[in-house]
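See below for the structure under consideration.
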Amino acid sequence: MELLSGADMIARFLKDEGVERIYGYPGGAALHIYDALFRQDSVQHILVRHEQAATHAADGYARASGKPGVVLVTSGPGATNAVTGIATAYMDSIPMVVLCGQVASHLIGEDAFQETDIVGVTRPVVKHSFSIRHPSEIPEVLKKAFYLAATGRPGPVVVDIPKDMTAPTERYEYVYPKKVKIRSYNPVTRGHSGQIKKAVDMMLKARRPVFYTGGGIVTGRASEALTDLVQRLGFPITTTLMGIGGYPQGDHQSLGWLGMHGSYEANMAMHHADLIVAIGARFDDRVTNNTSKFCPTAKIVHVDIDPSSISKTVRADVPIVGAAGSVIDEMISLVQDREASNAEALGEWWKSIEGWRAEREGKLYEPSKAGEALKPQEVIEAVYRATRGEAFVTTDVGQHQMFAAQYYKFAKPNRFITSGGLGTMGFGFPAAMGIKLSYPQDDVVCFTGEGSFQMMMQELSTCKQFDVGVKIVNLNNQSLGMVRQWQDLNYKSRHAHSYMESLPDFAKLIEAYGFTAIKVTTLDELAPALERAFADTNELVFLDIYVDPFEHVYPMQVPLGSMRDMLLSKTERT
Amino acid sequence: MRHIISILLENEPGALSRVVGLFSQRNFNIETLNVAPTEDPSLSRLTVTTVGDDRVIEQITKHLNKLIDVVKLVDLTEGNHIERELMLVKVKALGAARDEVKRTADIFRAQIVDVTPSVYTVQITGDAGKLDAFVQAMAPIGILEVARTGVSGIARGDKLLTL
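Residue numbers (my numbering), protein chains in the order written: chain D, -6 to 567; chain F, -13 to 149.
Here it is in structure tokens:
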């Protein structure tokens, strides 16, 4: 029998759970835990410079690896600073465990120094939360936290730990719980066989089918199975922003992603489809546009592990509650010895799709001419080539995020890492940091803008301390581009606070931290700058790339319209 | 349509706030809420009445089921059920009104459980409609205070909401 203090139990549990690295920031209520971390060397602690960055770094790691990211913060401001990152993970169903110090039990409720009710504050943005009430329950509660975070529809779990629970003087028996059971929590895995059969029958009879898949394919590790199913059937497929990489984007059956800034052919195909097979996607408003005009001729099969996602915004004709991977496997076995009865109709359908593709070919944006400002799109394409399409790509939020998703083609899942649901500016850089620490051999690129980057740029200091070699590609348009675009379209170009006056000299700023910065203003400077930036995969390089501030992201769905109602450029619309 | 949803909830601190929070967070509506422990000390039973169309009720039950602290739930209005609520009403009881309150209470099978020279406290149980009717009947006489428990309910016959 082993007797450990609560603090030592936490450190020991993390080791036994196989956690290699946690992200955090110390403070009074967490000091016993920090002392326990100091006295061990199995778990590495990454000291961030702001708790929000700790959550984004853990989140980035979780998205890249599929394993829960772990965060340790102190009570009060430490915990409240983490809230944006917790909400980010919640909206995108990312497994995360956040350990929060809390004031000692006898002080709770007395407005003690650095006290907040963090369980209350985070309640709407967590999958679940726990408060430790006795040190002896620490191993079991932590196991439950990891189990809940990573299974079913994943999500963040907060564990609130009053300081007296970790006191070094009180020791209790420690046993690592290999398994836990929660009587009210039994996430489904297999879908209903009858429903799956019904769905497959519809798929084989469909004349204009489309797969529409989301983040559930990525988190459910179902991309191989999905690729197999889609290729067997020969159907077109479009993914959500979160589902990018779930199906190889270079394949001709891929229509790219759909929705507000999705591809023309994906949105057209959705609108005209007679069957939509949605897997691990949630019919979010950035996808559907106006739900009353959404895909008027389509029947909808909706597979999701979370029953509450089904028929939430758009009614499903065939709802299937189950894990993407197992449902797809079952679909494959049913499809195996049968043929689509409508090969001819499918051929016609592909003709229409090829027609839509051809309409926009070569018209997506106008490349810059000599002497003109660079286009952000061509920068993304150049980075795509420089990294052979193999980098981990994180983004912040705004125009650069949409351009990155449009012009960097992903062949694999877990490679495009972006805050899709919450749309958190400041996410990209710390997320890249979290990934790079766990994937030191890979190129990790953060596409950002001068607006987003300034929200989390203090993490340069963390990168310096831990020698984190991420590549930061700052698409500098000297304005909050996406806000400005909306103001151009909806507010007669009244640019209320969407400009960035008094930008720092980024090169000097980066150099102050001892890193390399390269300023790029013309197309001929771009290729050499990228070559220099990617020469050493472990060197942090900041590319400050000045791009055309007047560029808009297109296509862009027309508000309140249907899927096919899009602006295609500043002068064309469908 | 009005629905009565009965929930078996882990008897844990914070569990109730998750349920209540869910309703406000997702813009669902709570008409009444009633909660107390059951014969199993680890479980509370919570009954909520809410109003919504089928789509909304489906979302409410799905989201409630998603809460880790919710062990089991049933929409009682889907089948035959018994619905009861208890109300305590303080009514002005002066002069002729004293008899009138007593007579009306008898008609409703309510009991007068506390008496002062000027006030009767009436206890009445029944479904929400009966209680509403009693409040209406008492209103002209002069209601001083109303305390209602909110609806509690149980399915008729062999149907059980247990683990």
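C-beta atoms are modelled at their ideal positions from N, C-alpha and C, and glycine is treated no differently.
Quantities reported herein were computed from a predicted structural model and do not represent experimental measurements.
- Fully enclosed beta strand (DSSP E) runs of no fewer than 3 residues occupy 121 to 124, 149 to 155 and 164 to 166 of the region 112 to 167 of chain D, in order along the chain.
- Contact between D:S412 and D:D85 holds: CB atoms are separated by about 7 Å, below the 8 Å threshold.
- For D:H121, the neighbours in chain F by C-beta distance under 7 Å run, in chain order, I54.
- By the neighbour-count criterion, in which a residue is buried when 16 or more other Cβ atoms sit within 10 angstroms of its Cβ, F:D39 is exposed.
- In this structure the region 225 to 235 of chain D does not touch the region 348 to 366 of chain D; the number of beta carbon pairs closer than 8 Å is below three.
- D:G421 and D:A46 have their alpha carbons spaced roughly 10 Å apart.
- Taking the CA atoms as reference points, D:L519 sits about 23 Å from D:Y506.
- Under the three-state reduction of DSSP output, D:G382 falls in the coil class, being neither helix nor strand.
- In terms of Cβ geometry, D:K405 and D:G207 do not form a close pair [threshold 7 Å].
- Cα atoms of D:F403 and D:G209: separation of roughly 17 Å, rounded to the nearest angstrom.
- As the crow flies, the alpha-carbon of D:V540 is around 9 Å from that of D:V513.
- With respect to D:I26, D:T159 sits close: the two C-beta atoms are nearer than 7 Å.
- D:A500 is positioned such that its CB atom lies closer than 7 Å to that of D:A510.
- Look at F:V5: its C-beta is not under 7 Å from any C-beta on chain D.
- Taking the Cβ atoms as the reference, D:K156 lies roughly 5 Å from D:A22, within the contact range of under 8 Å.
- DSSP links D:Y18 through a beta bridge to no other residue.
- Note on the region 34 to 113 of chain F: whole beta strand (DSSP E) runs with a minimum of 3 residues are 56 to 61, 67 to 78, 97 to 101 and 105 to 112, in chain order.
- The three-state reading of DSSP puts D:C439 in strand, counting E and B together.
- Under the Cβ distance rule, F:Q97 does not count among the residues neighbouring chain D, no pair being separated by less than 7 Å.
- For D:C93, DSSP records a beta bridge to D:V66 and D:D153.
- Annotation for D:T77: no beta strand (DSSP E) segment contains it, though the alpha helix (DSSP H) segment containing it runs V76 to M84.
- For D:Y83, there are no neighbours in chain F by C-beta distance under 7 Å, as the nearest C-beta there is about 12 Å away.
- When Cβ-Cβ separations below 7 Å define contact, D:P300 makes contact with chain F.
- For D:S177, the nearest CB of chain F lies under 7 Å from its own CB, placing it at the interface with that chain.
- Assignment of D:I210 by DSSP, reduced to helix, strand and coil, places it in the helix class.
- When DSSP reads this structure, D:Q550 sits in a beta bridge with D:M559.
- Closest by C-alpha distance to D:F204, out of D:L268, D:L473 and D:P423, is D:L268.
- Under the DSSP assignment, D:H545 falls outside any beta strand (DSSP E); it carries neither an H nor an E label.
- According to DSSP, D:T232 shares a beta bridge with D:T206 and D:W250.
- Counted as a single uninterrupted DSSP element, the alpha helix (DSSP H) harbouring D:P423 occupies residues G421 to S431.
- Distance from the CA of F:F120 to the CA of F:V21, rounded to the nearest whole angstrom, comes to 24 Å.
- Residue burial annotation: D:Y358 is buried, with at least 16 other C-beta atoms found within 10 angstroms of its C-beta.
- The residue from F:G115, F:N66, F:S10 and F:I127 with its alpha-carbon nearest to that of F:V105 is F:I127.
- Chain D places a beta carbon closer than 7 Å to that of F:H49, counting this residue as a contact.
- Using a Cβ-Cβ distance cut-off of 8 Å, the region 551 to 560 of chain D and the region -10 to 7 of chain F are not in contact, since fewer than three pairs of beta carbons, one from each stretch, lie closer than that value.
- Contact annotation for F:E44 against chain D: S304 [CB-CB distance below 8 Å, chain order].
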